[in-house]
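Structure record follows, encoded as structure tokens.
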Amino acid sequence: MDIKDMRAFYAIVEEGNISHAAQRLDIAQPALSRQMKRLESSLGVQLFERGSRRIRLTDAGRVMYTRVEHILGMVDGTVREITEIGSGIAGSVRLGTITTSGALLLPELISEFHSRYPNVTYQIWEAEGARILELLDNRVIEIGITRTQVDSKVYESIVLPNEPLVLIMNKEQEIGADSTKVELSELRDQPIIVPLRWQSVFIANCRKLGFEPKIVCVSDSIVQDLLLAKMGMGMALLPVSSKTLLTDGNLIYKKLVEPEMSTHTVIAWLKNRTLSSSAEHLIELFREMFLGAGKK
1 MDIKDMRAFY AIVEEGNISH AAQRLDIAQP ALSRQMKRLE SSLGVQLFER GSRRIRLTDA
61 GRVMYTRVEH ILGMVDGTVR EITEIGSGIA GSVRLGTITT SGALLLPELI SEFHSRYPNV
121 TYQIWEAEGA RILELLDNRV IEIGITRTQV DSKVYESIVL PNEPLVLIMN KEQEIGADST
181 KVELSELRDQ PIIVPLRWQS VFIANCRKLG FEPKIVCVSD SIVQDLLLAK MGMGMALLPV
241 SSKTLLTDGN LIYKKLVEPE MSTHTVIAWL KNRTLSSSAE HLIELFREMF LGAGKK
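For the sequence shown, UniProt numbering begins at 1 and goes up steadily by one.
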């Protein structure tokens with residue numbers, strides 16, 4: 001098995017079928033099918049389940065996919081690091097982000113970075129926190145954005161300041177006597193939309209006050225949560241920075257108190273790894289924009 005086989009296998013899995021993978025690799029579909037059959041024959045295992053229109057991996061195929069992603073990440077990362085040395089601020093920045101932090105941080109950050117370094121392009125992966133760290137480990141991405149604590153022995157990181165969680169609601173369904181905050185106890189019997197990452201803590205806090213929360217939807221999509229709140233399905237529990245996305249006058253937000261809940265964002269990259277020049281400058285911009293630090 002060589003790199004060409006690995007790239008072909010990886011493309012098939014990523015695209016979901018051989019036809020799309022063949023287009024991506026710019027080869028004929030029959031040739032790609034024969035290449036995979038030869039690969040399976042040489043390995044002595046079946047990598048794909050037959051008889052399904054969409055590609056499904058066998059147990060051996062899933063192991064293969066994990067290893068190939070790691071190997072290709074190492075190869076591509078090494079090539080980029082070598083070719084970008086001394087090339088200035090250009091090339092491509094590879095980022096991975098969870099949904100909430102990505103929607104809130106990246107538009108402003110990338111817009112500013114693009115104004116300074118217009119020759120840089122971007123590749124952005126969106127996934128849950130554990131997957132972001134896996135992509136970092138496999139060198140598929142250079143910088144990861146998550147709300148998960150990271151191992152300081154493995155990663156360098158920037159931890160952004162804690163931000164409180166708020167409830168975003170339709171004006172017609174406003175609750176609470178205070179115009180700026182709402183106590184958790186006031187949410188009894190109120191429909192709540194909550195991201196998965198805060199679901200367990202939210203439920204535990206409600207139970208301490210003697211009631212089960214009425215969670216009508218668990219969703220990690222900020223846009224989806226805001227749309228559901230706009231439609232009156234419930235109140236969305238989100239970071240206070242989500243208020244920047246409130247373009248509808250019918251939506252308001254109130255800080256959740258008694259008890260207060262908060263979250264933080266972590267920007268992480270691998271220790272002892274040479275980052276591309278563009279990635280290093282993007283990390284500097286993170287510090288400048290979100291920590292108020294000047295360039296070092």
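Even glycine gets a Cβ: it sits at the ideal position worked out from N, Cα and C.
Quick caveat: nothing in here was measured; it's all calculated off a predicted structure.
Query raised in the report: Beta-carbon separation of GLU134 and GLY232 under 8 Å?
Result: Taking 8 Å as the Cβ cut-off, GLU134 and GLY232 do not qualify as a contacting pair.
Requested in this report: Could you pull out every residue in the same chain whose Cβ sits closer than 7 Å to the Cβ of ILE203, ignoring the five residues on either side in sequence?
Outcome: Within the same chain, ILE203 has close Cβ partners PRO213.
Query - Given 8 Å, three or more beta-carbon pairs between the region 262-276 and the region 143-160 - result: Segments in contact, yes.
**Report entry** VAL257 to GLU126 span [Cα, whole Å]
**Finding:** So the alpha carbons of these two residues sit roughly 30 Å apart.
Query - Segment limits, beta strand (DSSP E) that includes LEU57 - result: For LEU57, no beta strand (DSSP E) encloses it, and the DSSP letter there is neither H nor E.
Query raised in the report: What residue does the beta strand (DSSP E) around GLU156 start on, and which one ends it?
Result: Here the beta strand (DSSP E) through GLU156 covers 155-159.
Report task. With distances taken Cα to Cα, identify the nearest neighbour of GLY73 among PHE9, LYS255 and VAL140. Result -> It is VAL140.
Query raised in the report: For LYS296, which three-state DSSP category applies?
Result: Low per-residue confidence applies at LYS296: pLDDT is 41, beneath 50, and the placement is therefore not dependable, though the value from the model is reported in the following sentence. Residue state for LYS296 is assigned as coil, using DSSP reduced to three classes.
Query raised in the report: Are VAL68 and PHE113 close, meaning C-beta to C-beta below 8 Å?
Result: PHE113 sits away from VAL68, with the two beta carbons spaced by 8 Å or more.
Query raised in the report: How big is the Cα-Cα spacing for ASP2 and ILE71?
Result: Their Cα atoms are separated by approximately 11 Å.
Query raised in the report: How would you write the range of the alpha helix (DSSP H) that MET233 sits in, first residue to last?
Result: No alpha helix (DSSP H) contains MET233, which DSSP labels as neither H nor E.
Query raised in the report: What does DSSP give as the partner residues of ARG38 in its beta bridges?
Result: Looking at the DSSP assignment, ARG38 forms no beta bridge with any residue, so it has no partner.
Requested in this report: Please say whether HIS264 and ASN162 have beta carbons closer to each other than 8 Å?
Outcome: Here ASN162 is near HIS264, since their CB atoms are less than 8 Å apart.
**Report entry** Three-pair Cβ contact test at 8 Å for the region 116-132 versus the region 166-180
**Finding:** Two segments are said to touch when three or more pairs of C-beta atoms, one from each, lie closer than 8 Å; by this definition the region 116-132 does not touch the region 166-180.
Requested in this report: Could you tell me which uninterrupted beta strand (DSSP E) segments, each at least 3 residues in length, are contained entirely in the region 202-231, listed from first to last along the chain?
Outcome: For the region 202-231, whole beta strand (DSSP E) runs of length 3 or above, ordered along the chain, are 214-218.
**Report entry** Local Cβ density within 10 Å of PHE286, reported as buried at 16 or more and exposed below that
**Finding:** Flag for PHE286 reads buried.
Query raised in the report: How far does the alpha helix (DSSP H) with residue 298 in it reach, from first residue to last?
Result: Lying before the first or after the last residue shown, residue 298 is absent from the chain, which here runs from 1 to 296.
Query - At least three beta-carbon pairs within less than 8 Å, the region 247-256 to the region 108-122 - result: Result no; under three Cβ-Cβ pairs closer than 8 Å.
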